[in-house]
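To keep things clear, I will list the structure first and then write my remarks on it.
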Amino acid sequence: MLRRRSALPPFLLALLLVTVPAPAGTAEQNWLPPGSAIGVTGAPPAELIRAGTIRDERWLYGRLLFHSPALLGERAVRIGLSCNGCHTNGHRNSSFFIEGLSDRPGRIDVTHRFWKAGSDDGLDNPIDIPSLRGVRDGGPYGTTLQLPDLAAFTRHVIVTEFAGPPPDDADIEALLAYINSLAGPEAAGGVENSPPLDGISYLPLLAAPIAAEDFHAIDRRYDLILSDYGRHAAAGDIAPSDIERDLARLAALYEKAAAGNFAAASLIHQSLSGGQ
Ligand code: HEC
Numbered sequence: 011m012l013r014r015r016s017a018l019p020p021f022l023l024a025l026l027l028v029t030v031p032a033p034a035g036t037a038e039q040n041w042l043p044p045g046s047a048i049g050v051t052g053a054p055p056a057e058l059i060r061a062g063t064i065r066d067e068r069w070l071y072g073r074l075l076f077h078s079p080a081l082l083g084e085r086a087v088r089i090g091l092s093c094n095g096c097h098t099n100g101h102r103n104s105s106f107f108i109e110g111l112s113d114r115p116g117r118i119d120v121t122h123r124f125w126k127a128g129s130d131d132g133l134d135n136p137i138d139i140p141s142l143r144g145v146r147d148g149g150p151y152g153t154t155l156q157l158p159d160l161a162a163f164t165r166h167v168i169v170t171e172f173a174g175p176p177p178d179d180a181d182i183e184a185l186l187a188y189i190n191s192l193a194g195p196e197a198a199g200g201v202e203n204s205p206p207l208d209g210i211s212y213l214p215l216l217a218a219p220i221a222a223e224d225f226h227a228i229d230r231r232y233d234l235i236l237s238d239y240g241r242h243a244a245a246g247d248i249a250p251s252d253i254e255r256d257l258a259r260l261a262a263l264y265e266k267a268a269a270g271n272f273a274a275a276s277l278i279h280q281s282l283s284g285g286q
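One point on numbering: in this note's numbering, the residue at position 175 of the sequence shown is 185, and numbering is uninterrupted.
Shown next, in the form of structure tokens:
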């Protein structure tokens, strides 16, 4: 689907835009039981980030991972579900509902075989999706299984609950940098992101791996960024012509990096970042 590795001619770009799993809409209908609704209805909750949070590379990468279904494995990719799908903007999606797994909106059974063959505990046990606001100061974590630290629980969520590929340490660190930055409701210094981060660009995440000539990291981030563009295409919050322009440059950047020409990749990256 997103595995094409060469510069994309326009007709393929158009194809990419329709094959990326949509967070809401037609794609998910094929995989979710009828009657399910996993999008947010109404205004999404505010994203409250602690005052003084340094939005560095690691934090930005963590935020991208938080929004990436790929982190959670195949089932999640098919329905376009990421951490953010349930813990929307670090809070909770109170309209989340999967027929057969939820008894009420905002509740879900995370030990159901829907997520992973073999992990069903045989019980019908939907529980509240908790908010992650101020989660850094909480603990122990989890309802059914309790773990003392957030890193261990985050790994458990990805690998055991959602059958995702085992994350590496850098992924966990980044994810935690983001989760730890979520302000609690009572935190006096907690500030709503201003301006809202909806239009945040993840393109800066390619700078370091290009400079380090680390193709493996470029490859991974390229996929995650591409799928983020897919979400924007589905949401319609970025003009299609802008998306198409960026994707064409990204594909060219990727091709240069794959060929070992990091100097050329860096130039394209600069033009991409300048065009924001
Ligand atoms: C399908 C909805 C869903 C998705 C997707 C999801 N979660 Fe959760 N999350 C839950 C539910 C339900 C709980 C409570 C269940 C439990 O404790 O095991 C929970 C609990 C947690 C907790 C513990 C909170 C506390 O105060 O105890 C953390 C941390 C967490 N999730 C992080 C994540 C991260 C990180 C991701 C993405 C990698 C993620 N979740 C994806 C539904 C979801």
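Glycine is no exception: its CB is placed at the ideal position from the N, C-alpha and C atoms.
Quiz item: Quick one: what's got a C-beta closer than 7 Å to A275's C-beta in the same chain, skipping five residues either side?
Solution: I220, L263, K266 and A267
Quiz item: With C-beta atoms as the reference, is P54 less than 7 Å away from N99?
Solution: yes
Quiz prompt | Burial state of D179 (16 or more Cβ within 10 Å) | solution = exposed
Quiz item: So I108 packs on P43, CB below 8 Å; how close in whole Å?
Solution: 7 Å
Exercise. Give the straight-line distance between the Cα atoms of F124 and A161, rounded to the nearest whole angstrom.
Key: 25 Å
Quiz prompt | Minimum length 4: unbroken alpha helix (DSSP H) runs contained in the region 67-119 | solution = 67-76, 84-89 and 93-96
Practice problem: Please report the Cβ distance between T121 and T154, rounded to the nearest whole angstrom; I am assuming they are in contact, meaning their Cβ atoms lie under 8 Å. | Solution: 6 Å
Practice problem: Please confirm if E109 has its CB atom under 7 Å from at least one CB of chain B. | Solution: Among the chains in the structure shown there is no chain B, since it carries only a single protein chain.
Quiz item: Cα-Cα, which of S237, S46, F225 and D256 is closest to L271?
Solution: First, the residue type needs correcting, since residue 271 is Asn and not Leu in the sequence shown. Nearest option by C-alpha distance: F225.
Exercise. Let me know the secondary structure DSSP gives I278 once reduced to three states.
Key: helix
Quiz item: Which same chain residues, not among the five before or five after I248, have their C-beta less than 7 Å away from its C-beta?
Solution: H242
Quiz item: Regarding Y188 and the ligand HEC, is the C-beta to nearest heavy atom distance less than 6 Å?
Solution: no
Quiz prompt | Candidates G83, R85 and R73, of which the one nearest H97 by Cα | solution = R73
Exercise. Can you tell me which of D138, V87, D256 and E223 puts its alpha carbon nearest to the alpha carbon of D113?
Key: D138
Quiz item: the ligand PLP heavy atoms versus the CB of P140: any closer than 6 Å?
Solution: The ligand PLP is not part of this structure, which contains only the ligand HEC.
Quiz prompt | Among A222, R117, G110 and R88, nearest to R102 - alpha-carbon criterion | solution = R117
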